[in-house]
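Just so you know, the protein sequences line up as chains Y and L, in that order.
Under my numbering, the first residue of the first sequence carries the number -10, and numbering increases by one thereafter.
Under my numbering, the first residue of the second sequence carries the number 6, and numbering increases by one thereafter.
Using N, Cα and C, we set each Cβ at its ideal position, and we do this for glycine too.
Everything below concerns the one structure shown next.
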Amino acid sequence: AQRVTQPEKLLSVFKGAPVELKCNYSYSGSPELFWYVQYSRQRLQLLLRHISRESIKGFTADLNKGETSFHLKKPFAQEEDSAMYYCALQRGGSQGNLIFGKGTKLSVKP
Amino acid sequence: GAGVSQTPSNKVTEKGKYVELRCDPISGHTALYWYRQSLGQGPEFLIYFQGTGAADDSGLPNDRFFAVRPEGSVSTLKIQRTERGDSAVYLCASSFSGADTQYFGPGTRLTVL
């Protein structure tokens, strides 16, 4: 079965500290992986997708097929990074629905 | 341009009643998705439209749930005989095609008393 696991419900760091939000997936094929973010009182929005290999707002994520992971990283957290982060999987062929993890709430303290 | 819009933003109803939730996708987007998000969970897929037809409705929990997109634009999610367990935020998303980025609406918070 296809599944996305985000083991941490809450991650709290101080401003300027490195951040890593973990994401592991279960899928037999070659998935597309995404990170979505939801800031307070805003709608869910795409942060990055692995095929574009972009760095958005200083965040990067590398797909590790051997470990079936797609962890999100940022070297220096900012207070404005505080939000809910969801890892999501789309089945190979880039078609159809996303399968989301339960999300990790990132809190960046001053 | 305008993003995905959903109406109403909040809906309170009584157990057993019928509700309709509306989604207006981004103009020109052929793909439209409905998801449901319960408290403490990530969004869960309900149904996916490509144009007017449902390409995948495997996420609908039971036959009380139904969705339409008659003209390939606006979509309505219909829930019959609502139950307290249907209480959740219902999210709509659209994309230019099935392969493109999905843009989400603000959601409709449904509360079944």
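By the neighbour-count definition (other C-beta atoms within 10 Å, threshold 16), residue 70 (chain Y) is a buried residue. For residue 32 (chain Y), a Cβ of chain L is located within less than 8 angstroms of the residue's own Cβ. Remark: three or more beta-carbon pairs, one from each stretch, lie closer than 8 angstroms, so the segment -9 to 0 of chain Y and the segment 86 to 99 of chain Y are flagged as touching.
Only those residues of the segment 49 to 72 of chain L whose C-beta falls short of 8 angstroms from the nearest C-beta of chain Y are listed: 49, 50, 53, 60, 61, 64. A residue is called buried once 16 or more other Cβ atoms fall within 10 Å of its Cβ, and residue 87 (chain L) is buried on that count. Scanning the segment 41 to 69 of chain Y for uninterrupted beta strand (DSSP E) segments of 3 residues or longer gives 61 to 63, listed from N- to C-terminal end. The shortest CA-to-CA distance from residue 35 (chain L) to any of L:105, L:111, L:118, L:117 is the one to L:105. Here residue 90 (chain L) carries a helix assignment [DSSP, helix/strand/coil]. The alpha carbon of residue 25 (chain Y) has as its nearest neighbour, out of Y:35, Y:16, Y:53, the alpha carbon of Y:35. Counting only Cβ-Cβ distances below 8 angstroms, residue 91 (chain Y) has contacts in chain L at 45, 46, 47, in chain order. Its chain contains 84, 85, 86 as the residues whose beta carbon lies nearer than 7 angstroms to that of residue 69 (chain L), once the 5 sequence neighbours on both sides are disregarded; these appear in chain order. The contact set of residue 16 (chain Y) on chain L, defined by CB atoms closer than 8 angstroms, is empty, because the minimum CB distance reaches about 14 angstroms. The beta carbon of residue 20 (chain Y) is closer than 7 angstroms to those of 14, 78, 79, 80, 81 in its chain, skipping five residues each way along the sequence.
Residues of chain Y with a Cβ closer than 7 angstroms to the Cβ of residue 111 (chain L) are, in chain order, 32.
Here residue 75 (chain L) really is in contact with residue 57 (chain L); their C-beta atoms are around 6 angstroms apart, less than 8 angstroms. Within its own chain, the residues whose Cβ lies closer than 6 angstroms to the Cβ of residue 77 (chain L), once the five positions on either side in sequence are excluded, are 56, 57, listed in chain order.
For residue 106 (chain L), no beta strand (DSSP E) segment is defined, and its DSSP state is neither H nor E. The continuous beta strand (DSSP E) containing residue 74 (chain Y) extends over residues 72 to 79. Partner residues in the beta bridge of residue 11 (chain L), as assigned by DSSP, are L:28.
Counting the other CB atoms within 10 Å of its CB gives residue 102 (chain L) a total below 16, which places it among the exposed residues. According to the DSSP secondary-structure assignment, residue 42 (chain L) is paired through a beta bridge with L:94.
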